[in-house]
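K.L.:
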Amino acid sequence: MACADDPQALGDEAVAARAADLCQAAESVADPANAPYYIIGTEVPVPGGAHEDLQELAITRVEDLTKTIEIQRRMFELRGLHGAWDRVIGVVVQPGVEFDHARVIDYQPEKAKTLSEAILRFERLAYEAHSTDYQTETALTNLVRDHFAILKVGPGLTYAAREALFALSHIEQEWITDRPRSDVRAKLDEVMMDQPKYWEPYYGGTEAERALARKYSFSDRLRYYWPDPTVEASFQFLVKNLSEAPPPLSLLSQFAPSAFRAIRNGELRNDPLSIIRHRIQEVLGMYARACGMSRSGGIVKEG
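For the sequence shown, this note's numbering begins at 3 and goes up steadily by one.
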């Protein structure tokens with residue numbers, strides 16, 4: 003990412019030089035007995051989700067891949083980082099997957115075939131697919147098969163946590179009638195409106211569209227607000243209410259059907275934190291299966 007006084011787009015040489023400088027700093031304090039591994043490459047999106055037209059999403063060109071690897075290798079060698087270069091295991095690319103606030107572009111193996119095959123020219127290297135949130139399990143499996151073996155996921159996990167927490171909030175609204183409720187969804191939106199810096203630059207449209215995006219956008223900008231003291235207190239109050247008065251199965255079936263099934267099967271406790279973790283683990287489970295975690299496979303990278 004460009005620094006404050008940089009041009010908007012940095013040249014390949016500058017990017018590679020800075021990456022090598024960072025590596026040199028890391029190597030200077032690394033434990034030789036537990037030396038770090040590295041991933042290189044600059045095909046990363048602006049934080050917060052895509053802003054480009056997803057219909058025109060460009061897959062990384064093989065010539066750009068080759069150039070990135072060669073320039074980065076040269077910059078490592080100029081700094082004497084030969085051993086570190088031997089621990090470079092991945093390169094970030096765009097295999098044609100992306101999401102914005104409401105849409106997902108799924109992996110299409112035939113379109114990435116040339117890029118997929120190109121990595122075989124380079125010893126030890128696999129691809130990191132930078133933005134695999136909300137891909138189907140089939141797409142994730144195909145990505146790993148095609149050498150995009152490091153699957154980066156970020157808001158896809160916090161979005162899953164938000165889904166579970168909102169479901170519990172709806173359950174609380176129906177179930178807790180004899181004492182105060184947390185009103186966590188309303189408190190969250192109040193804080194977001196009072197402190198709009200994390201979402202306002204990203205969400206356009208009408209007021210109604212922006213209100214919908216604050217809650218349900220795939221970019222999940224509300225993830226930055228969970229540590230706020232007001233929101234945290236409201237969340238803890240929700241947990242307290244539903245821990246002291248576990249909701250009936252009928253409400254779980256209505257608002258959290260996958261948790262309901264797990265509870266009915268004796269696989270999950272009926273408590274709010276377990277239900278939230280369960281929803282996150284459902285998403286992680288897709289990645290684990292796609293990566294073949296029980297055998298040699300890919301890596302899930304949470305970003």
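The C-beta atom is built at its ideal place from N, Cα and C for all residues, glycine as well.
According to DSSP, which residues form a beta bridge with Glu-1?
P.N.:
In the structure as shown, the chain starts at 3 and stops at 305, and residue 1 therefore has no counterpart that could be examined.
K.L.:
Could you tell me the alpha carbon to alpha carbon distance between Pro-248 and Asn-272, rounded to whole angstroms?
P.N.:
In the sequence shown, the residue the question calls residue 248 occupies position 246. In the sequence shown, the residue the question calls residue 272 occupies position 270. The straight-line gap from Cα to Cα measures roughly 6 Å.
K.L.:
Compute the Euclidean distance between the alpha carbons of Glu-54 and Glu-246, then round it to the nearest angstrom.
P.N.:
For this step, residue 54 is matched to residue 52 along the sequence shown. For this step, residue 246 is matched to residue 244 along the sequence shown. Reliability of the predicted coordinates at Glu-54 is poor, the pLDDT of 48 falling under 50, and the value obtained from them is presented with this limitation in mind. C-alpha separation (whole angstroms): 47 Å.
K.L.:
Any idea what DSSP makes of Phe-124, helix, strand or coil?
P.N.:
As a working note, residue 124 is residue 122 in the sequence shown. Residue state, collapsed to three classes: coil.
K.L.:
DSSP three-state label for Tyr-227, please.
P.N.:
Walking along the sequence shown from the start, residue 227 turns up at place 225. Helix.
K.L.:
Roughly how many angstroms separate the alpha carbons of Leu-153 and Pro-182, rounded to a whole number?
P.N.:
For the purposes of this step, residue 153 is taken as residue 151 along the sequence shown, with counting starting at 1. For the purposes of this step, residue 182 is taken as residue 180 along the sequence shown, with counting starting at 1. Between Leu-153 and Pro-182, the C-alpha separation is close to 42 Å.
K.L.:
Do Tyr-200 and Asn-144 come within 8 Å of each other at the CB atom, strictly closer than that value?
P.N.:
As a first step, residue 144 is located in the sequence shown; it is residue number 142 there, counting from the start. As a first step, residue 200 is located in the sequence shown; it is residue number 198 there, counting from the start. Not closer than 8 Å, so no.
K.L.:
Closer than 7 Å by C-beta to Arg-291: which residues in its own chain qualify, once you throw out the five before and the five after it? Chain order, please.
P.N.:
For the purposes of this step, residue 291 is taken as residue 289 along the sequence shown, with counting starting at 1. Closer than 7 Å at the Cβ level, and outside the excluded window around Arg-291, lie Glu-139.
K.L.:
Could you round the C-beta distance between Val-170 and Ile-42 to whole angstroms and report it? I think they count as a contact, below 8 Å.
P.N.:
If you number the sequence shown from 1, residue 170 lands on position 168. If you number the sequence shown from 1, residue 42 lands on position 40. Before going on, a small fix: residue 170 reads as Leu here, not Val. Beta-carbon to beta-carbon, Leu-170 and Ile-42 are separated by about 41 Å, too far to satisfy the 8 Å threshold.
K.L.:
Starting from the Cα of Glu-100, find the closest Cα among Thr-70, His-132 and Val-90 and give me that residue.
P.N.:
Translated into positions along the sequence shown, residue 100 becomes position 98. For the residues Thr-70, His-132 and Val-90, the minimum Cα distance to Glu-100 belongs to His-132.
K.L.:
Mapping the DSSP letters down to three states, classify Lys-69 as helix, strand or coil.
P.N.:
Position 67 of the sequence shown, counted from the first residue, corresponds to residue 69. If DSSP states are grouped into helix, strand and coil, Lys-69 belongs with the helices.
K.L.:
What first and last residue would you give for the alpha helix (DSSP H) that runs through Tyr-205?
P.N.:
By one-based count along the sequence shown, residue 205 stands at place 203. It is not in any alpha helix (DSSP H) - Tyr-205 carries neither H nor E in the DSSP assignment.
K.L.:
Please say whether Leu-253 and Ser-184 have beta carbons closer to each other than 8 Å?
P.N.:
Walking along the sequence shown from the start, residue 184 turns up at place 182. Walking along the sequence shown from the start, residue 253 turns up at place 251. No. Outside cutoff.
K.L.:
Would the beta-carbon of Leu-275 fall within 8 Å of that of Ala-261?
P.N.:
Locating residue 275 in the sequence shown gives position 273, counting from the first residue. Locating residue 261 in the sequence shown gives position 259, counting from the first residue. No, the Cβ-Cβ distance between Leu-275 and Ala-261 is not below 8 Å.
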